[in-house]
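Okay, so here's the structure we're looking at.
Numbering (my numbering), first residue to last: 43 to 370.
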């Protein structure tokens, strides 16, 4: 009897020691998969290094509260990644490096080895990390598509959205003439010179000169060689241009051009709207695609949240903040 009690006591001590060891060695255990404290410290250090290299400041690295919050947030990201790896495996989705290697080969061909390495350094990653992240994101895209395969948007839904958001959905193609100077730091003399060139171009356009010809002969922008044309259509939502340019362009009617300088950080623009696409039937497919993607994002976001809520997670780092005694 005494021997049985001693064995039971030793077994309890052994289990307690194992639990203490797990808590000391691991930052978390996620459905049985361990995240080591060493890996967490490495990820925190990498995060801090990337923040420092970017020139941003999220807090005082020496502050204990900042360190606690940072460590918890990085661990939460690591936990989510473990859950997603588990879900990829459960859905038989392979993480393949083929796409990443193909993409990197194209980058090297386009930029050359030296500039390619500089781009990696600028983004704070080495090649191995980039390949790993790229492959993981491709696999996540496959999971997202599997989870959201049944998502559909009807034409009626698209039309209702169009009617409620018409001003931001109207698309256009544009040309422009740019008189380039730094509008933030320019002297009065530089502004006067740009204004004089603007006035000369406007006089030519008013006299009937072709917009493309004036752009070719007077614009400082690279698009001058193409008569000022700027390529693909854009809307208020997806415009690649600065806001001042986008708003001015899409407020024109097709064939019209601005009569006053449109001022942006790049200088003075004369903008011509070449084409205005505002008919629902012409925009329908783009709207449906956008709404489908929005729905997929929402559904997949909920899916990932549910993974976290339904998981068996032992977190040895996150500690509830102490309650403040308001009476003291």
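Glycine is no exception: its CB is placed at the ideal position from the N, C-alpha and C atoms. In this text, all values refer to a predicted model and were calculated from it rather than measured experimentally.
By the three-class DSSP mapping on this structure, what secondary structure does residue i have?
i, result
"residue 326", "helix"
"residue 199", "helix"
"residue 183", "helix"
"residue 214", "strand"
"residue 274", "coil"
"residue 299", "strand"
"residue 359", "coil"
"residue 343", "helix"
"residue 310", "strand"
"residue 289", "helix"
"residue 138", "coil"
"residue 167", "coil"
Just the Cα atoms here: how many angstroms apart are residue i and residue j?
i, j, result
"residue 295", "residue 320", "11 Å"
"residue 224", "residue 130", "50 Å"
"residue 276", "residue 309", "21 Å"
"residue 283", "residue 190", "32 Å"
"residue 106", "residue 139", "39 Å"
"residue 133", "residue 175", "19 Å"
"residue 92", "residue 79", "20 Å"
"residue 318", "residue 265", "20 Å"
"residue 157", "residue 200", "44 Å"
"residue 281", "residue 195", "24 Å"
"residue 166", "residue 249", "54 Å"
"residue 197", "residue 303", "40 Å"
"residue 63", "residue 337", "Low per-residue confidence applies at residue 63: pLDDT is 46, beneath 50, and the placement is therefore not dependable enough to give any value."
"residue 207", "residue 291", "18 Å"
"residue 149", "residue 226", "35 Å"
"residue 240", "residue 126", "56 Å"
"residue 94", "residue 77", "25 Å"
"residue 169", "residue 350", "30 Å"
Would you kindly check if the distance between the Cβ of residue j and the Cβ of residue i is under 7 Å?
i, j, result
"residue 334", "residue 193", "yes"
"residue 185", "residue 137", "no"
"residue 75", "residue 124", "yes"
"residue 210", "residue 279", "yes"
"residue 325", "residue 214", "no"
"residue 359", "residue 117", "yes"
"residue 285", "residue 220", "no"
"residue 69", "residue 82", "yes"
"residue 204", "residue 322", "yes"
Who are the near neighbours of residue i in its chain, counting only those whose CB is closer than 8 Å to its CB and skipping five residues on each side?
i, result
"residue 244", "301, 312"
"residue 247", "253, 256, 299, 312"
"residue 114", "359, 360"
"residue 297", "314, 315, 316"
Am I right that residue i and residue j are in contact with their C-beta atoms under 8 Å? What's the rounded C-beta distance?
i, j, result
"residue 172", "residue 162", "6 Å"
"residue 216", "residue 143", "39 Å between Cβ atoms; not a contact."
"residue 72", "residue 355", "5 Å"
"residue 141", "residue 177", "7 Å"
"residue 218", "residue 269", "Not quite, the Cβ-Cβ distance comes to about 10 Å (not below 8 Å), so this is no contact."
So, at 7 Å on beta carbons, what are the nonlocal neighbours of residue i in its own chain, with the 5 sequence-adjacent residues on each side left out?
i, result
"residue 342", "186, 189, 190"
Grab me the residues of residue i's own chain with a C-beta within less than 6 Å of its C-beta, minus the 5 sequence neighbours each way, in chain order.
i, result
"residue 151", "none"
"residue 160", "none"
"residue 370", "Caution applies to residue 370, whose pLDDT of 39 falls short of 50 and renders its modelled position unreliable; the value that the coordinates give is listed next. Around residue 370: no qualifying Cβ."
"residue 147", "none"
Counting contacts by CB-CB distance shorter than 7 Å, is residue i in contact with chain C?
i, result
"residue 267", "As a matter of chain content, chain C is missing from the structure shown, which is built from one protein chain."
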